[in-house]
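One structure below.
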Amino acid sequence: MSEYILEMTGINKEFPGVKALQDVQFNLKPGEVHALMGENGAGKSTLMKCLIGIYHRNSGTIIYDGQEIDYGTTSEALNNGLSMIHQELSPVPERTVTENVWLGRQPMKNKLMVDHRKMREDTVKLFEQLNVVINPDEKMKYLTVSQMQMVEIAKAVSYNSKIVIMDEPTSSLTESEVSHLFDIIRMLKEQNVGVIYISHKMEEIFQICDRVTVMRDGQYVSTDNVSDITMDQLITKMVGRELTDLFPKTECEIGEVVLEVKDLKAGRMVKNVSFDLRRGEILGFAGLVGAGRTETMEAIFGLRKIESGSIKYKGQEIHIKCPDDAIKLGIDYLTEDRRAKGIVGIRNIRDNTVLSCLSRYGTPLNQARMRADTQEYIDKLSTKTPSQEEEIKNLSGGNQQKVLLGRVLLTGPDVLIVDEPTRGIDVGAKSEIHALLSQLAGEGKAVIMISSEMPEIMGMSDRLVVMHEGDVTGIIDRSEFSQELIMKFATGVTE
Amino acid sequence: MKKEFDAKRFMKDNTIWVIFIALFIVSAIANRNFLTKANISSVLMTESIIGILAVGIMWCILSRGIDLSPGAIVALSSCIVASLSQRPEYVAKMLPGVNLPVPVAILITVVICTIFGIINGALIAYTKIPAFIATLGTQLIARAAAQLYTNAYPIPELKPTLKFLGQGNIASIPVIVIIFICFAAVSGFMLTQTRFGKNVFAIGGNDQAARVAGIRVEKNLVFVYVWSAFCASVGGVLLAARSGSGNSAAGLNYELDAIAAATVGGTSHTGGVCRISGVIAGILILGVVKNIMLLVGINPYWQQVVKGLIIIGSVVLDMRKNLRKD
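Going down the list, the sequences are from chains U and G.
For the record, in the first sequence the residue sitting at position 193 is 193 according to the working numbering, with numbers rising by one throughout.
For the record, in the second sequence the residue sitting at position 323 is 323 according to the working numbering, with numbers rising by one throughout.
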């Protein structure tokens, strides 16, 4: 019998066109808390999903409790003692806490009837054991996010799992709740349960974890004892790659301030954001998932309600209530969520291109002008499509993105906000979009670019705003860019 | 860009008209009374009111909603217009002192009924309650309003000018058919040639994307339901004109026939797809099917079964078409 309860070796996973995992290894001892770290897209979640049966690995071995496994479904994994607390919770909001805990595996009185009393008693017992103070009869929807998180943790424990995987479990917890979670984790350790702990937060790793494995770009980097490593070493391991990609960044004249955001507050994700944006500048927004970058931009663009703070545009205080206001002022936004918030899939390229500017074509709509404008941007962005009449959903991601970029450019914005403009698109289209953004800045437009890709954001930006959990933690000039510094700010370390 | 005529594509886009023409020919062969002037004109007149409702309702379906209130609005509209347009000589007038010119009576009717559209639209756009529920509520209220207003008595003896709209001919074409053609033309124009049409296509296709693109989703939705109620109120006026009286029981289930016509005509309930030519074909297909079954003497209950099958069949085909594309 080996000392490990779990040994994953040589794991490969490919998605069409992408190698998500390459020869990754990971192991876990019973009673150990093993952190899994890496940037966005490093492959942490993919690795875990291969473990619990959401994805199938293409090759490699997973030995769990002395046996090779290849689970087809998560319930198979659960029943064998592997449970995962997902980052995004999926409760049934209209049912009670008790019913959510025992969903799909309710204790039965007989073949037909659910044993409600036992179910409730078991929940009470479970909560007592974990020191969780939540009313088991409350409807799930009345719980706070952190309470839901606690229920989810309790649920994972109730499976009597040998391994519990926690994916960013503290992302919505307050400080005291985090220490409560750590108590639970220590309790699990005593019961010889192995915990895989995925987190971006440095201080947590050093507080609760025994070992840490770092992944980068789908590859295994290292495994160390937490006691043998420093925070700076860890950050270096996470980002340690050469900036090989070429970025057509052209230096250009940076002019006066066009947009000035001060003390912006909008909901849970945007707590206190201030920055200014200048003409001819590409201002990068860096941060990890959940840093509140998208939410900030959505607030500026009128998609979220602003609670307090001020926005000045060309020296005047503005109050944008909806995207239409923003577009009329000359601020336009390219969404990160192309499918959900960008394209109108069943309409053609032309309708998608002119959607933001319909008012300029009169009544009846000047079809010839619409056709000409669409063609102009198809040519300018070299969008590959059989014709303007093609439904946009039939295009590749990169070409869809070009159509959306065309839509935004057609409005003639002075401030252009692009959110993950190259996510999920091929390399060729990517560098074309980069070149275009540089060119736009050169023409005196102001560009805000959110990106989670470190080489991209460092290559393209003149300055960088780094956010962490709804706050701006640092603003860095191009001359001082370093991956380590960005990662430091992004993980909430401030000077 | 040169546009080549693609016969295959044309046939695919107009399958519904091919079906209609086939149906028309089969009907003409099946019964010699079908292709008479009297019969054709009767079919057209019957379907015109449903048709006017359909070119309103299709907008709601296009925006991924539904409107269940038009049938009841037809009833209310027929009662109001009738009460304002009874012959002055008639002794048992509902509103004895009132003698308005017919156009004014129609205007008042249309304005009152269109308020229901504003209510529908505002409820759906701003309170976000499902369109099905909002319009079910206003359906009950509008029908009840008609009954309360008239005590459920019919209102007969209408002025000849009003009746002309429902019974007269211009150049041997029934006026009611001409009005339907106008409504279809206006709806078609709005759909393809105006900013409003493009906006609603986008809202039905992806309302979040429409919002991000700067479209005022709520305002557009309100207008969609106002247009539907407007169409229904005109339908009510025409029904009163045609039958010669206002009746709070009129227009029962008309909205369902109109939804069926729009659906058969290829308006997708998943939103974002609608063609005016399809909807017109849908209206005609259901009208001809109804008529030919009547002519050949099929049991009326079987007629309902056939209608049900046509509606289900057309949606199944539509879904399959969409599935293939994904």
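Even for Gly, the Cβ is constructed at its ideal location relative to N, Cα and C.
Computed from a prediction, not measured in an experiment: that's the story for all the values here.
Query: Residues bridged to PHE26 (chain U) (per DSSP); Result: U:MET8
Query: CB contact check: CYS50 (chain U) to chain G, cutoff 8 Å; Result: no
Query: Residues of the region 3-18 of chain G whose Cβ lies closer than 9 Å to any Cβ of chain U, in chain order; Result: none
Query: Cutoff 8 Å: THR9 (chain U) Cβ touching any chain G Cβ; Result: no
Query: Contact set between VAL496 (chain U) and chain G, taken where Cβ atoms lie within less than 9 Å; Result: In this structure chain U extends from 1 to 495, so residue 496 (chain U) is not present and cannot be described.
Query: For TYR153 (chain G), three-class secondary structure by DSSP; Result: coil
Query: Residue range of the unbroken alpha helix (DSSP H) whose run includes LYS37 (chain G); Result: 37-62
Query: Anticipated Cβ contact below 8 Å, ILE343 (chain U) with ASN253 (chain G), distance rounded; Result: No, ILE343 (chain U) and ASN253 (chain G) are not in contact; Cβ-Cβ is about 38 Å, not under 8 Å.
Query: Extent of the continuous beta strand (DSSP E) run through HIS56 (chain U); Result: First-last for HIS56 (chain U): undefined, no H or E at that position.
Query: Rounded Cβ spacing between ILE52 (chain U) and GLU152 (chain U) (contact assumed at less than 8 Å); Result: Actually they are not in contact, since the Cβ atoms of ILE52 (chain U) and GLU152 (chain U) sit about 15 Å apart, beyond 8 Å.
Query: Nearest-angstrom Cβ-Cβ length linking LYS402 (chain U) and THR383 (chain U), presumed shorter than 8 Å; Result: 4 Å
Query: Between the CA atoms of ILE173 (chain G) and LEU44 (chain G) - distance to the nearest angstrom; Result: 10 Å
Query: Reduced DSSP category for HIS34 (chain U) - H, G, I as helix; E, B as strand; rest coil; Result: strand
Query: Whether ALA67 (chain G) touches ASN120 (chain G) by CB criterion (8 Å); Result: Reading off the sequence, residue 67 (chain G) comes out as Asp, not Ala. Cβ atoms of ASP67 (chain G) and ASN120 (chain G): closer than 8 Å.
Query: Proximity of VAL306 (chain G) and MET293 (chain G) at Cβ, strictly below 8 Å; Result: yes
Query: Short CB-CB distance (under 8 Å) between PRO323 (chain U) and chain G; Result: yes
Query: Under 8 Å (Cβ pairs) to chain U, residues found in the region 200-211 of chain G; Result: PHE201, ALA202, GLY205, ASN206, GLN208, ALA209, ALA210 and ARG211
Query: Contacts of GLY60 (chain U) in chain G (Cβ-Cβ under 7 Å); Result: Simply none; closest approach about 32 Å.
Query: Limits of the beta strand (DSSP E) - the one that ASN79 (chain U) falls within; Result: From DSSP, ASN79 (chain U) is part of no beta strand (DSSP E) but of the alpha helix (DSSP H) over 74-79.
Query: Whole-angstrom C-beta distance between LEU158 (chain G) and SER85 (chain G), which should lie under 8 Å; Result: 5 Å
Query: Proximal residues to LEU516 (chain U) (C-beta, below 8 Å), its chain only, five neighbours per side dropped; Result: With chain U covering only 1 through 495, there is no way to say anything about residue 516 (chain U).
Query: Rounded C-alpha distance that separates THR127 (chain G) from LEU143 (chain U); Result: 24 Å
Query: Neighbour list for ASP379 (chain U) in chain G, Cβ cutoff strictly below 9 Å; Result: Neighbours of ASP379 (chain U) on chain G: none; closest Cβ ~12 Å, over 9 Å.
Query: Alpha carbon of ALA92 (chain G) to alpha carbon of ALA241 (chain G), nearest angstrom; Result: 19 Å
Query: Proximal residues, the region 273-292 of chain G versus chain U, C-beta separation under 7 Å; Result: VAL273
Query: ASP312 (chain U), enclosing beta strand (DSSP E) - first and last residue; Result: In the sequence under discussion, the amino acid at residue 312 (chain U) is Lys, which differs from the Asp named in the question. Counting along the chain, the beta strand (DSSP E) containing LYS312 (chain U) begins and ends at 308-313.
Query: Any C-beta of chain U under 8 Å from that of ALA213 (chain G); Result: yes
Query: Spatial distance of ASP23 (chain U) from GLU14 (chain U) (CA atoms); Result: 11 Å
Query: C-beta neighbour in chain G for ILE346 (chain U), strict 8 Å; Result: yes
Query: Touching by the beta-carbon criterion (3+ pairs, under 8 Å), the region 348-366 of chain U and the region 439-454 of chain U; Result: no
Query: Buried/exposed call for GLN207 (chain U), threshold 16 Cβ in 10 Å; Result: exposed
Query: Chain U contacts made by the region 260-273 of chain G, where a contact means CB separation under 9 Å; Result: SER268, THR270, GLY271, GLY272 and VAL273
Query: Chain U within 8 Å of THR194 (chain G), Cβ atoms only; Result: yes
Query: Extent of the continuous beta strand (DSSP E) run through HIS468 (chain U); Result: 463-468
Query: Expected contact under 8 Å - CB spacing of ILE318 (chain U) and GLY302 (chain U) to nearest Å; Result: With 8 Å as the limit, ILE318 (chain U) and GLY302 (chain U) do not qualify as a contact, their Cβ atoms being about 10 Å apart.
Query: Heavy atom of the ligand GDP within 7 Å of ILE198 (chain U) beta-carbon; Result: With respect to the ligand GDP, the structure offers nothing, as it holds no ligand at all.
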